[in-house]
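The listed protein sequences derive, respectively, from chains C and U.
Those letters in the first sequence? Residues 1 to 412, by my numbering.
Those letters in the second sequence? Residues 1001 to 1256, by my numbering.
These notes are about the structure you will find just below.
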Amino acid sequence: MSSAYWPEGVERCSAGKFLVWLAAISVFLAWGGYAAFQIFSNGIGVTGLDNYFGFGLWITFDLAVIALGAGAFFSGFLRYIIRIDELKNVINLAVIVGFLCYSGAMLILVLDIGQPLRAWFGYWHPNVHSMLTEVIFCITCYCTVLIIEYVPLILENRKINQNKFCHHLAHNFHVYMPLFAGIGTFLSFFHQGSLGGMYGVLFGRPLVYREGFFIWPWTFFLFISSAIACGPAFTMLCGTLMEVITGRKLISYKTKALLAKISGLLLCFYIFFKILDTYAWAAGILPGMGLTFDEMFSSEHGYGKGLLWAELFWFGLLPAIMLVLPQVRKIPALMYLAAIMAAIGVTINRFVFTVQGLAIPVMPFDRWTTYYPNWAEWSTSLMIVAYGFLVMSLSYRYLPIFPQEVELNKQA
Amino acid sequence: MQAIEFKVKWGMLVNLDKCTGCGACTVACRAENNLSPEVEAGNKLRTNDWMNIYELSNGEPFPHHEVAYLPRPCMQCGKPSCSTVCPVVATTKDEEGGIVSQVYPRCIGCRYCMAACPYHARYFNWFDPVWPEGMEKTLTPYVSARPRGVVEKCTFCHHRFMAAKERARMNDEDPTQLAEDAYIPACAEICPTGAITFGDLHNPDHEISKLVASPNAFRLLVKLGTDPQVYYYSEREWVRKLGDNYLKNDKGGENV
Ligand code: SF4
Ligand code: SF4
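Here's what the structure looks like:
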């Protein structure tokens, strides 16, 4: 019986139901797999990307999931280094979400770069002046750290853990977890920053170029702070979504509210500096390039100011205020809504930096251009989401991810 | 990153008052540098023209309407925004002459350099190149064809530069002091109106070093700090003014 493989003392759906669920996920995997096959056999030309939009949906997707996946390293940091004990209830979830976000992003990058077989050149011929080199270093190293953090969870499976070797191995992994949490934090801080730095250094792109501190443009720090602000909220949302799908209680509301509070505080910090940065950019950098704030937007082409206001206020300031107010955190629906808004806000930010930054004509005689992702980009992105659902479903069914599950459902 | 100063600095000046927009430079460039024929050229954001021609307009209604044509090669920027960002050193500015290189076998196709270049001078190989039967015989043997998945751009016909240095060495001349026109790219050679002047910006014997000093010479987007090695020339102020972005009543660009 498969129940022998389930974590101790929990209920899971029948094998038949689970297979139907996996079949539904496989539809998306198959569709994305077909697109990936087309891309590898014909070239990236099958996508909607072009010479003006070398970056598009894929890079936006990568940056967004990497920001949202920051919950893993930041919860690890808070749990193991700052020692907020409450977070032990979500740390496993955070690790898996983080692992899925990062490995998913790397899978997309394999499709996105024109010569995937040369991906290792980043190590072999590194350009130490490029922010992207640092991103390649840190993301690959950090993904390895996440695998190291995920492995002991797999070893915790009831059957696997009966094996003596696996049991001890898992134990030893746990002992060293603070060390990996520390390494993960260091690596993550840097690549989250470098992803922002990647844009901030582009002095040929008025929308994204920023001055900064020493070699780091301000976007370096803004990307770190927006990622650590949204990560915990996103982890909380993933847990909640799993509760909705499975119909079981997995995380206590107290823990969720703590994650929401952490996100809220950091979001306030981030959005304050983001607004300052936007002002300094509009008042300082743009005029120096001979450009005006208005010239950075064109609603006719889909890149209106509405996006900026949405990012700063509706999906930035508003959720930040909501999440720091204890009254709002007491009402589940409002707290979840605010967390969703925060996640949307950071996604808009990454989209604007990636796509709108390229749509703006820099040469005065050039034109605005619009980018539409096509089926090949959507299906592969959805494939990564489906991959996330797949791994999460298997992990949920067979691994003891939620320390509170047994307790919470007994009460219920 | 610190910009390198070179003894020899190859530069180009396009006289926009002479350019008729005929496109001969584009065609010569395509043939010289083995750009494969476009299979589908409907989407102009997908086509590949190292020497792309833009149409400029003064925006006035008839009868005051005027146009100009602006051929845009790679600017071989003094401070390139592209090469500094490449994660794998597949594009550099480190060779005497100041030409920004592109190393096809090393490029991983991340397209970060394309996002960096404000002139849209970089092109990605979206598919493998295809030459219609027999046309492969017209390929230039000194220029490698590029596979899909890498970025390419104008190189100022770098292979001609190498050949010119080779000739100079064989004739016991100094390869760092090439005579005027000993090395010129295909576009400059073919231009029927003689709109394109090419030479060493640091060599006082080369005509270009005098032309760029004219108050009618200007470069594109200098305010960004790219310091291009390609100059344009026009006696019409509205044309010069289109070389950069200006706020209302703003001066401070090049020769406006
Ligand atoms: S024009 Fe573009 S591709 Fe050429 S050197 Fe300048 S930034 Fe690089
Ligand atoms: S596309 Fe090629 S040349 Fe351009 S930044 Fe990436 S690796 Fe470097």
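All C-beta atoms, glycine included, are put in the ideal place defined by N, C-alpha and C.
Reduced DSSP category for residue 84/C - H, G, I as helix; E, B as strand; rest coil
Coil at residue 84/C, not helix or strand.
Check this for me: beta carbons of residue 266/C and residue 228/C, under 7 Å apart or not?
Yes, these two residues count as a Cβ contact at 7 Å.
Proximal chain C residues relative to residue 1084/U, where beta-carbon distance stays under 9 Å:
Neighbours of residue 1084/U in chain C, taken as residues whose beta carbon is under 9 Å from its own, are 127, 129, 130, 201 in chain order.
Hey, would you say residue 1118/U sits closer than 7 Å to residue 362/C, going by beta carbons?
The Cβ-Cβ distance between residue 1118/U and residue 362/C falls below 7 Å.
Whole-Å CB distance - residue 1073/U paired with residue 1012/U, under 8 Å assumed:
Contact flag correct, Cβ pair sits at about 7 Å.
Taking a Cβ distance cut-off of 8 Å, strictly less, list which residues of the region 1114 to 1126 of chain U are near chain C, in chain order.
Against chain C - using a Cβ distance shorter than 8 Å - the residues of the region 1114 to 1126 of chain U are 1114, 1115, 1116, 1117, 1118, 1119, 1120, 1122, 1123, 1124, 1125, 1126.
Whether residue 94/C touches residue 72/C by CB criterion (7 Å)
In terms of Cβ geometry, residue 94/C and residue 72/C form a close pair [threshold 7 Å].
Cβ closer than 7 Å: which chain C residues qualify as neighbours of residue 1150/U?
Per Cβ cutoff of 7 Å: 114, 115.
Can you list, in chain order, the residues of the region 352 to 367 of chain C whose Cβ is nearer than 9 Å to any Cβ on chain U?
Cβ contacts with chain U come from 354, 357, 358, 362, 363, 364, 365, 366.
Taking the beta carbon of residue 50/C as the centre, do at least 16 other beta carbons fall within 10 Å, making it buried, or is it exposed?
Residue 50/C is buried by the Cβ-count criterion.
Using a cut-off of 7 Å between C-beta atoms, extract the partners of residue 287/C located in chain U.
Chain U residues near residue 287/C: 1247.
Alpha helix (DSSP H) containing residue 1197/U: first to last residue?
Counting along the chain, residue 1197/U sits inside no alpha helix (DSSP H); it lies in the beta strand (DSSP E) bounded by residues 1196 to 1200.
Could you name the residues whose beta carbon sits closer than 6 Å to any heavy atom belonging to ligand 1, keeping them in chain order?
With 6 Å as the limit, the residues whose C-beta approaches a heavy atom of ligand 1 more closely than that are 1074/U, 1075/U, 1076/U, 1077/U, 1080/U, 1081/U, 1082/U, 1100/U, 1117/U, 1119/U, 1121/U, 1122/U, 1153/U, 1226/U, in chain order.
Under 7 Å, Cβ to Cβ, is there at least one residue of chain C near residue 1101/U?
No, residue 1101/U does not count as interfacial toward chain C.
Give the straight-line distance between the Cα atoms of residue 1129/U and residue 1143/U, rounded to the nearest whole angstrom.
One C-alpha to the other measures close to 14 Å.
Between the region 160 to 172 of chain C and chain U, which residues of the former have CB atoms less than 7 Å from a CB of the latter, in chain order?
Of all residues in the region 160 to 172 of chain C, none is placed with a Cβ closer than 7 Å to any Cβ belonging to chain U.
Unbroken beta strand (DSSP E) run spanning residue 1153/U, endpoints:
First-last of the beta strand (DSSP E) with residue 1153/U: 1151 to 1153.
Express the C-alpha separation of residue 1075/U and residue 1133/U in angstroms, rounding to a whole number.
Taking the straight line from one Cα to the other gives about 34 Å.
Residue 1006/U by DSSP, collapsed to three states: which one?
Correct three-state label for residue 1006/U: coil.
Going by beta carbon distance, what residues of the same chain come within less than 6 Å of residue 1015/U, once the five residues before and after it are set aside?
Closer than 6 Å at Cβ, skipping near neighbours: 1195, 1233.
I need the straight-line Cα distance from residue 1047/U to residue 3/C, nearest angstrom please.
So the alpha carbons of these two residues sit roughly 58 Å apart.
Can you name the residues of chain C whose CB is closer than 8 Å to the CB of residue 1026/U?
Correct list: empty, because the minimum Cβ distance to chain C is about 15 Å.
For ligand 2, is there any heavy atom lying closer than 6 Å to the beta carbon of residue 199/C?
Of the heavy atoms belonging to ligand 2, none sits nearer than 6 Å to the Cβ of residue 199/C.
Note down the Cα distance separating residue 186/C from residue 1024/U, rounded to an integer number of angstroms.
Put simply, the backbone Cα of residue 186/C is about 55 Å away from that of residue 1024/U.
Keeping to the same chain, check which residues put their C-beta closer than 6 Å to that of residue 112/C; ignore five residues upstream and five downstream.
Answer for residue 112/C: 58, listed in chain order.
For residue 374/C, which residues in the same chain have their Cβ closer than 7 Å to its Cβ, ignoring the five residues on either side in sequence?
Leaving aside the five residues that flank residue 374/C on each side, the residues in its chain whose CB is nearer than 7 Å to its CB run, in chain order, 47, 48.
What residues in the region 38 to 67 of chain C bring their beta carbon closer than 7 Å to a beta carbon of chain U?
Cβ contacts with chain U: 42, 43, 44, 45, 50, 51, 52, 54, 55.
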